[in-house]
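Undergrad:
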Amino acid sequence: MTTLTVTILVLLLVSFAPSLAAQLPGNHDTNDKSSSLLPPVATNGQPFPWVHMRLPETVSPIHYDLLVHPNLTSLDFTGAVQIQLQVFEDTSTIILHSKELQIAKAELLAPEGPGSLPVPLQVLEYPAFHQLALMSDVLLVRGGMYKVRLEFSANLSDSFHGFYKSSYRTTTGEVRFMASTQFEATSARAAFPCFDEPAFKANFTIQIRRESRHIALSNMPKVKTVELPGGVLEDHFDTSVRMSTYLVAFIVSDFQSVSKTTSHGVKISVYAVPDKINQTDFALNAAVRLLDFYDDYFDIPYPLPKQDLAAIPDFQSGAMENWGLTTYREAGLLFDPNKSSASDKLGITMVIAHELAHQWFGNLVTMQWWNDLWLNEGFAKFMEFVSVNITNPELQVNDFFLGKCFEAMEVDSLSSSHPVSSQVDTPTQIQEMFDDVSYDKGACILNMLRDFLTPEAFKIGIVRYLRRYSYQNTVNSHLWESLTNICQSDDLDEGRLKDDGFCSQEKAQSGAPKWYSGDQLDVRAIMDTWTLQEGFPLVTVEVRGRQVRLSQERYLKTDDPSQTHGFLWQVPLTYITSSSNTVHRFLLKTRTDVLYLPEEVEWVKFNVDMSGYYMVHYEGEGWRSLTSLLLTNHRALSSNDRASLINNAFQLVSVGKVGLDTALDLSLYLSKETDIMPVTQGLGELVPLYKLMEKRDMEGLENQMKDYIVELFRGLIDRQTWSDEGSVSQRVLRSYLLLFGSVRNHPPCVATATHLFNKWRASDGNMSLPSDVSLAVFAIGARDPEGWDFLFEKYRHSQHTSVKSRIKSALSISPLQHKLKRWVNMKSSELSLLLTVLRTISPAYITQNYLSCLHHSELSLLLTSLRTISPAYITQNYLSCLHHSELSLLLTVLRTISPAYITQNYLSCLHHSELSLLLTSLRTISPAYSPQNYLSCLQHSELSLLLTVLRTICL
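Numbering (mature numbering (1 follows the signal peptide of the UniProt record, and there is no 0)), first residue to last: -21 to -1, 1 to 934.
Dropping the structure here:
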């Protein structure tokens, strides 16, 4: 072991020291504690008649008639909603949701007939739970149908939730306003009074008033427009199918559109601001292909006559699956063939595939409650890859799926992770579920299950699930039941499975199924181990002759062994050997087991193509034999297998299972690697090593490590052309490598990028740069003050979101900190730049070791950025503006700033305003992290940093 290796290993062990600050989600009290508190009091001082966060089930909505009138001059809106209710228990009280709405009138409508008059309802408000109580003097009788009507008003929201205002600037500099909605997860209540829980499905008939210069969009097609006094127009939309409130959507804007019709007769339209309507063709064609694919794949017709896709200038989420009106960030929908890169093409196609998959998984069949959000998001993420692999084979999406699993594992290896299915109650807890565990881990365990059952059986099972539960709500067990005994027909399957080749073939076969012998396959028992407990297993393999000894434990970055106890998975193992490329299978149900090979082998590779969501450690000569194989014939293993070996080896270094010299020896083969996943994974594991040294001002070792990495990939970097040629994977890899080479000052890269940037600047930005390499060119240009200023001006005036995104990334990684400070002080860029800086300062390690990878100058920049953010963005307003992945990043930064110590004495020394800010921030991040529990885990040095951040954020 070299001196360099020993030093790096010490740094790794120090930097990956786990945080004790994060509380295990499994330790949260899942009981509704609201009933143990003092009785709630309404805003008028009267007792509020309901004490729980969740709504009662005494009544249920059947139909909403909703009228909304936004005013884009005064930036507020008025509305009225009439809700038809079915009563399940005698009651005189109706509890529903309302958030920051001014209720002008509430009444119980009398049965239709001569002389019947509405009955006024008393309205009690309880803002803490976003609830209204409508108190009636008339008893609502079980089995009866009633209607209530409420009139309301509110300001258009300043956040990106509810019914919010948005604006954009035209090419002539004019600022135009629009209004759009984002209701998931709990913000429909901020636009109209409603039963804002996913299980309360209903039909919606929507009317929207607007000026003649605007158009209105909603979930369903417009059936007529009525002209009202004063020139106001009222658009009437068709009645929707039964759906949850979070899927309701409406937009008032001056958008333009392009349209096509699918082979199944569904009208697809893409909407955008007028100046960017010429960037919508790619999305339109992709949406047509994908909706046709899902129609055929699920064998369930898309139930609406139209599907709109709208590019919103100000949009918090990546996209939103509103039924019939999906909404997107502009960067997620707009594509210019002359400006957008291969990565843009891939990303846009994937996000459209995700939202259209939701039209079945999430919209047609919806989780009962947010604890099973993964049934929506995990399936949609998984179906992205299934669909695009078929509709757009040229995008080679299978090359990128494994990266999602690595990202999920990075989060899932921390003590702060949570089960895929986790108990949540409050809106803040619900919002925290929109993370890599629900999305990426959900997709990865579904991929594992498909490999487990076979793709044919899996498809039959999920179609059965969709058919059985259409327009209903489900829990985990409904999915597992649908995937069990898939060849046994029921009424919904009759006529479809009868002639199915897979089931006919299965019945004709004899012998035990491939995964088990003698036992009945229990899908629920297997999958409960993957959804009801956090984390994932580390399977240790030791080969002794023909005998393979297996054991499993939880993989966790912690020094506390108690946190790994009590975990057991049913693991669908796959393996190949030096003697056989046939994929062998074994279901590991116990903590230890033994399997026998037919003969002795030189090597064995478990988790073939990493189709399973687990890591593998090879004891004895296992790692040495696989390293030897990679050095002599790396093509003997698939690119996914090679990437998984790189990932597993370095991840095992961080928990002390493997020596760093073993991982570095394995990485030597990368000098011969050309495939995208092993190369990017290799860089993702190696770059943090020099970041550790950079942070500690260990210049000698830092330069050695940088030289080693550049030398390892020099041949591959030098073979790249500065063009947009090749397959999508080749183009994405080229962009990655040339950016890496430029940032690392590889002379050929710096020279070419400088030359191209100078030519581009000389043309005033009119010269066409190859889009895939433009980020590398911009990154070099941003190192010079004049180049930085030129890029910034182009950023401000560009109408191409993909170009703006690349320029923003280049500016944010510039070493010119005084420029960044100037930029972050610009009001329009505050939040956007902070998030970009956080993402790019230390790419690929946004988890437990995030801050340990920051150089002191980068940490200074981070703190400077935090200081300059507006105080209004701290707490709920700030957090509500974050995408789920960005919220996860913020939480991670705050958690990792501080693993371990504070006392009551220190808290007593805080100024009251500082204490208030600290407690508010912690409560806002997650009520589950109580200040007492969280602060008791802080360490001395990290406490100082945390307090510095909190003081300088807004004081």
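Glycine included, every Cβ here is placed at the ideal spot set by N, Cα and C. Small disclaimer: the values here were computed from a predicted structure and weren't measured.
Pop quiz: Asn198 and Trp302 are said to be a contact at Cβ under 8 Å. What is the actual Cβ separation, rounded to whole angstroms?
TA: Sure, about 5 Å apart at Cβ, within 8 Å.
Undergrad: Within the chosen definition, does the stretch 158 to 178 reach the stretch 224 to 232 through at least 3 CB pairs nearer than 8 Å?
TA: Yes: at least three Cβ pairs fall under 8 Å.
Undergrad: Which term fits residue 937, buried or exposed, when burial requires 16 or more other beta carbons within 10 angstroms of its beta carbon?
TA: Since the first residue of the chain shown is -21 and the last is 934, residue 937 is not available in this structure.
Undergrad: May I ask you to report which of helix, strand or coil DSSP gives Ile792?
TA: DSSP places Ile792 in coil when its eight states are reduced to three.
Undergrad: Where does Pro18 land, buried or exposed, given buried means 16+ other C-beta within 10 angstroms?
TA: Flag for Pro18 reads exposed.
Undergrad: Counting pairs of beta carbons, one from the stretch 348 to 355 and one from the stretch 408 to 418, are three or more of them closer than 8 Å?
TA: Flag = yes, the stretch 348 to 355 and the stretch 408 to 418 touch.
Undergrad: Assuming contact is defined by CB atoms lying nearer than 8 Å, are Ser248 and Asp287 in contact in what I supplied?
TA: It is a contact, given that the beta carbons lie within the stated cut-off.
Undergrad: Identify, in the order they occur along the chain, each residue of the same chain with its Cβ nearer than 7 Å to the Cβ of Ile655, setting aside the five sequence neighbours on each side.
TA: Once the five neighbours on either side are set aside, the close Cβ partners of Ile655 are Asp378, Ser708, Val711 and Leu712.
Undergrad: Helix, strand or coil for residue 938? Go by DSSP, reduced to three states.
TA: Because residue 938 is not part of the residues shown, which for the chain are -21 to 934, the question remains open.
Undergrad: Quick check on Asn342: does DSSP put it in helix, strand or coil?
TA: Of the three classes helix, strand and coil, the one that applies to Asn342 here is coil, per DSSP.
Undergrad: On the DSSP bridge list, what partners appear for Glu104?
TA: Answer is Leu111, bridged to Glu104.
Undergrad: How long is the line joining the alpha carbons of Leu574 and Leu547, rounded to whole angstroms?
TA: So the alpha carbons of these two residues sit roughly 19 Å apart.
Undergrad: With DSSP as the reference, label Ser777 as helix, strand or coil.
TA: Residue state, collapsed to three classes: coil.
Undergrad: What does DSSP give as the partner residues of Glu213 in its beta bridges?
TA: DSSP lists Arg188 and Val205 as partners of Glu213.
Undergrad: Whole-angstrom Cβ separation of His397 and Glu532, contact assumed at under 8 Å?
TA: No, His397 and Glu532 are not in contact; Cβ-Cβ is about 19 Å, not under 8 Å.
Undergrad: Have a look at Ile441 and Leu458 and give me their C-alpha separation to the nearest angstrom.
TA: Taking the straight line joining both Cα atoms gives about 7 Å.
Undergrad: So, with DSSP's three-state summary, where would you put Phe156?
TA: The answer is strand: DSSP assigns Phe156 an E or B state.
Undergrad: Is Phe719 closer than 8 Å to Arg740 when the C-beta atoms are compared?
TA: Their beta carbons are not under 8 Å apart, which means Arg740 does not touch Phe719 by this criterion.
Undergrad: For Ser443 and Phe358, I'd like the C-alpha separation in whole angstroms.
TA: At residue 443 the sequence reads Arg, which differs from the Ser that was named. If I take the Cα positions, the gap works out to 15 Å.
Undergrad: Which residues share a DSSP beta bridge with Met388?
TA: Answer by DSSP bridge pairing: none, since Met388 is not bridged.
Undergrad: Between the stretch 66 to 78 and the stretch 95 to 112, do three or more beta carbon pairs fall short of 8 Å?
TA: The stretch 66 to 78 is in contact with the stretch 95 to 112.
Undergrad: In chain order, what residues of the same chain lie with their CB nearer than 6 Å to the CB of Leu54, ignoring the 5 residues before and after it?
TA: Closer than 6 Å at the Cβ level, and outside the excluded window around Leu54, lie Leu135 and Lys144.
Undergrad: In or out: Asp620 buried (at least 16 other Cβ within 10 Å) or exposed?
TA: By the neighbour-count rule (16 or more Cβ atoms within 10 Å), Asp620 is buried.
Undergrad: Which residues in the same chain as Ala266 place their Cβ atom closer than 8 Å to its Cβ, once the five residues preceding and following it in sequence are excluded?
TA: Same-chain partners within the cutoff: Ile247, Val249, Gln286, Leu288, Ile331 and Leu335.
Undergrad: Counting only the same chain and skipping the five closest in sequence on each side, list residues whose C-beta sits under 7 Å from that of His725.
TA: If we look at His725 and ignore the five residues flanking it on each side, its Cβ neighbours are Val689 and Ile696.
Undergrad: Given a cut-off of 8 Å on the beta-carbon distance, is the pair Val66 and Tyr43 in contact?
TA: Their beta carbons are not under 8 Å apart, which means Val66 does not touch Tyr43 by this criterion.
Undergrad: Pull up the DSSP beta-bridge partners for Ile230, would you.
TA: In the DSSP output, where bridge partners are listed per residue, Ile230 has Leu196.
Undergrad: Any idea which residues DSSP pairs Asn134 with across the strands?
TA: Asp55.
Undergrad: Taking only three categories from DSSP, how would you classify Val573?
TA: Strand at Val573.
Undergrad: For the alpha helix (DSSP H) containing Pro282, name the first residue and the last one.
TA: That residue, Pro282, is in no alpha helix (DSSP H); it is neither H nor E in DSSP.
Undergrad: Does the contact criterion of 3 or more C-beta pairs under 8 Å hold for the stretch 268 to 282 versus the stretch 333 to 348?
TA: At 8 Å Cβ cutoff, the stretches touch.
Undergrad: Suppose the cutoff is 6 Å on Cβ atoms and the five residues either side in sequence are ignored; what does the same chain contact list for Thr240 look like?
TA: The residues are Lys246.
Undergrad: Per DSSP, Gln61 is paired with what?
TA: Asp44 and Arg128, per the DSSP bridge assignment.
Undergrad: What are the boundary residues of the beta strand (DSSP E) that includes Met594?
TA: Met594 to Tyr597 is the extent of the beta strand (DSSP E) around Met594.
Undergrad: Is Thr553 closer than 8 Å to Val502 when the C-beta atoms are compared?
TA: Not closer than 8 Å, so no.
Undergrad: Would Ile327 and Ala387 be called neighbours here (beta carbons separated by less than 8 Å)?
TA: No, the Cβ-Cβ distance between Ile327 and Ala387 is not below 8 Å.
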